[in-house]
Amino acid sequence: MLLLHGYKSSAESFYYQINALAQSGYRAIAPDMPGFGSSAPLTRAWSVGDYCDWLKKFVRAEGLKSPYIVAHSFGARVAIKYLSTYPRGAKKLLITGGAGVVKPRSPQYIRRVNAYRRIKKLFPRFAERHFGSEEYRSLSPVEKESYKLIVNEDLQCCARDIDIPVLLIYGRNDVTTPPDEEGKIFNECIAGSRLQITDGGHFCFCENSADFNELMLAFFAE
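Convert by adding 545 to the 1-based position in the sequence shown; the result is the number in this note's numbering.
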């Protein structure tokens, strides 16, 4: 069982799932992906494709043959890209709070980006402190470049290439990757996938671990 964490998160986020899987007889492997958790910081900007290449090497090094995968948020980006490139790279995939849909930019967003670019030319430090999300402002320069590569890649086409069993679990209160947006879109893209809405938000697998684990174990036991 391979667990892939979200952005700016780590393997520790899967604490409840690792315990539940171990109690059910699964071998659970949850790495800290490069640049996160206890892994070394990035020295260059990584794209989703770079993480996909890393995952291939990791799977080979661990001797994993078509594992079951649980992927949260950014981890789902990596898993989707990986499975579109290596179709038999997993037996089943469980996505929770999956990200990877680039939505149309609103006029307000475009105006804000244009304002940021103008101000950055004159007052770069001011622009970095006052524009972008709090998460983005907390990143190092290398991480910011990686972040932009990651969030600007739309993975809907990759999702359409997946032909293994897929369960999508989204928290009904998830405002980061809303179930009626990302969840619905990926459900439509991945043939035969199932969308399950549960209590909780973007980290529903932590907030509502008992129900989540029940759904997870039932899916992998099918």
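Glycine is no exception: its CB is placed at the ideal position from the N, C-alpha and C atoms.
Rounded to the nearest whole angstrom, the C-alpha separation of W591 and S554 is 16 Å. The C-beta separation of G642 from T722 comes to about 5 Å, placing the pair in contact by the 8 Å criterion. Close CB contacts of Y596 within its chain, under the 6 Å cut and outside five residues either way in sequence, are with V623 (chain order). One alpha carbon belongs to P586, the other to Y692, and they sit about 14 Å apart. In this structure the stretch 627-644 does not touch the stretch 557-576; the number of beta carbon pairs closer than 8 Å is below three. In this structure the stretch 721-736 lies against the stretch 633-647, because at least three pairs of beta carbons, one per stretch, are closer than 8 Å.
Nearest C-alpha to V593 among K636, P632 and N697: N697. Residue state for T743 is assigned as strand, using DSSP reduced to three classes.
Of all alpha-carbon atoms in E767, G620, K610 and I614, the one lying nearest the alpha-carbon of P579 is that of G620. Taken atom to atom, the span from the alpha-carbon of A573 to that of S738 is near 23 Å. The beta carbon of Y571 sits closer than 7 Å to the beta carbons of M546 from its chain, once the five residues preceding and following it are set aside; these are given in chain order. For F603 and L549, the gap between their C-alpha atoms comes out near 12 Å.
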